[in-house]
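Novice:
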Amino acid sequence: MSEEIRRLTKEDISYYKKMQTGLDDDYMLWAFHRIIGGPNHLFGLFVSDELVALSGFTIFKDHYAMLGRLRTDHRHRKNGYGTQIVRYSLEQALSHPDVKWIGANTEQYNKASQAVLKKVGLPPVTLLYAAQSDSVDSLIIDESTRWKEVTEKAKKADWIRRTYLDPSFDKKVFPLEAYYPFPVSEELFEGSIDDWHYYENADQSRYVILWEEFKGTNYLHVVYPWSDFMEQSGLFRTIQEKLKVAQQKDSETVIWWDLSEAEAALLPTDHPFDLPSPWILHGLSKEALLSDDISESFERANTLIQNVEKELQDLEKILEKETETLEALEDQLNDYTSKE
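If you want it as structure tokens, here you go:
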């Protein structure tokens, strides 16, 4: 059987349609043409001209690569094809000159994907619940308090510097998009601050970021950097008002709010959020991944050297025994010759 891995093109949709992935509702069937170009890279593993596995990565902000879209044909599972195609995608992402960090985001229940990520060397970074709701009206604690919108770009940037970019700030991951959180860096925020709406409380000690995005569903994305959201007068009223505005344009709009496990536990028992299976972000910097590769190479080389040395020692012992045997035979031959 011949194996080939190559980057997929729009013509490969015919191969993908023949795969038996076991997914009842696979968005990749209708989005295939969109996820093979631009910042998206999709690779396929073919065995005897049959597509048996695929995965890829997407570049964000020029410096982040998120692996994903792993699919394997269930008729070919347990052959290591999933690990093989993800490792290839990782290697391709590592070869991208501008990429500084590579990761993957998978749901907690997806143990198979987590096992693959462990095999290719991507450790877990954080766990986040994607809290979703079509209303937070029940959480409003003060009808009279509103937060004021911040419109100055310099002040927006200053809020980011004072929180996420401050080394002492406890949150090290920022949810750039729904399903796509990343470790913070200055590059992560470039070009986005103008697109986000900032609101701050009266004493300017807290702020929240809101923006709309479409991922099959229209979301009002909420980013609040602290864990004291249940104590903030006016916060939920501000969110609710902006949610209603978004719902006037698209009645199916819901909130998307990434919460840590500890933050989700702070919600009241009658909270309005749907908390599906949490997502686990995995990843490492390119530098760390390449260092791991070098370390593994040295380890393999040392193991090989040790094995060769052991084989040489064993061979030396065999030669010593053979030499002793030859010397004994030579002595016997000499004795026999002298008697004659």
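Be aware that the sequence shown starts at -5, since it is given in the numbering used here, and climbs by one per residue.
Note that the Cβ used here is the ideal one computed from N, Cα and C, for glycine as well.
Quick caveat, the model's predicted, so the values are computed rather than measured.
(1) Pop quiz: T52 and L275 are said to be a contact at Cβ under 8 Å. What is the actual Cβ separation, rounded to whole angstroms?
(2) Please classify L2: does DSSP put it in a helix, a strand, or coil?
(3) Provide the residue span of the alpha helix (DSSP H) that contains D164, from first to last.
(4) Could you have a look at V217 and say whether DSSP puts it in helix, strand or coil?
(5) Which residue marks the beginning of the alpha helix (DSSP H) containing F230, and which one marks its end?
(6) Which residue's Cα is closest to the Cα of L284: K236, A172 and W95?
(7) Report the option in Q14, L39, T3 and R231 whose CA atom is closest to the CA atom of A25.
(8) Using only the alpha-carbon positions, how far apart do L61 and K112 sit?
(9) Just checking my contact of F37 with L48 at CB under 8 Å: how many whole Å lie between their CB atoms?
(10) Check each candidate in V130, K150 and A172 and name the one with the smallest Cα separation from E184.
(11) Is R140 helix, strand or coil by DSSP?
(12) For L205, which residues of its own chain have a beta-carbon under 8 Å away from its beta-carbon, when the five flanking residues on both sides are left out?
(13) Would you mind giving the Cβ-Cβ distance between F163 and F176, rounded to the nearest angstrom? I have them listed as a contact below 8 Å.
(14) Extract the residue ranges of the beta strand (DSSP E) inside the segment 54 to 130, only unbroken runs of 3 or more that lie entirely within it.
(15) How about L278 and P117: are their beta carbons less than 8 Å apart?
(16) Ends of the beta strand (DSSP E) at H135?
(17) Return the first residue and the last residue of the beta strand (DSSP E) that F40 is part of.
(18) Measure the alpha-carbon distance for R155 versus S8 and round it to whole angstroms.
(19) Report the CB separation of R71 from M13 in whole angstroms; it is logged as a contact under 8 Å.
(20) Are the segment 75 to 94 and the segment 242 to 260 in contact at 8 Å, needing three or more beta carbon pairs?
(21) Near K55, which residues of its chain fall below 7 Å by C-beta distance, leaving aside the five closest residues on each side in sequence?
(22) When you compare each of Y158, E(-3) and Q241 to P219 by their alpha carbons, which one comes out closest?
(23) Would N212 and D244 be called neighbours here (beta carbons separated by less than 8 Å)?
(24) Under a three-way DSSP split, which group does H27 fall into?
Specialist: On the basis of the supplied data:
(1) Between L275 and T52 the Cβ distance is about 14 Å, and since that is not below 8 Å, they are no contact.
(2) coil
(3) Here D164 belongs to no alpha helix (DSSP H), and DSSP marks it neither H nor E.
(4) strand
(5) L229 to K243
(6) W95
(7) T3
(8) 13 Å
(9) 6 Å
(10) K150
(11) coil
(12) One point to set straight first is that residue 205 is Trp, not Leu, in the sequence displayed. For W205, where only same-chain residues beyond five positions count, the Cβ hits under 8 Å are D189, W190, H191, L214 and H215.
(13) No, F163 and F176 are not in contact; Cβ-Cβ is about 15 Å, not under 8 Å.
(14) 58 to 66, 95 to 101 and 118 to 127
(15) Taking 8 Å as the Cβ cut-off, L278 and P117 qualify as a contacting pair.
(16) Correcting the residue type first, residue 135 is Ile in the shown sequence and not His. It is not in any beta strand (DSSP E) - I135 carries neither H nor E in the DSSP assignment.
(17) According to the DSSP assignment, F40 belongs to the beta strand (DSSP E) that extends over N34 to V41.
(18) Looking at the two C-alpha atoms, the distance is approximately 48 Å.
(19) Not a contact, Cβ separation roughly 12 Å.
(20) Remark: fewer than three beta-carbon pairs, one from each stretch, lie closer than 8 Å, so the segment 75 to 94 and the segment 242 to 260 are not flagged as touching.
(21) Around K55: E181, L182 and E184.
(22) Y158
(23) Judged by their CB atoms, N212 and D244 are nearer to each other than the 8 Å cut-off.
(24) Three-state DSSP puts H27 in a helix.
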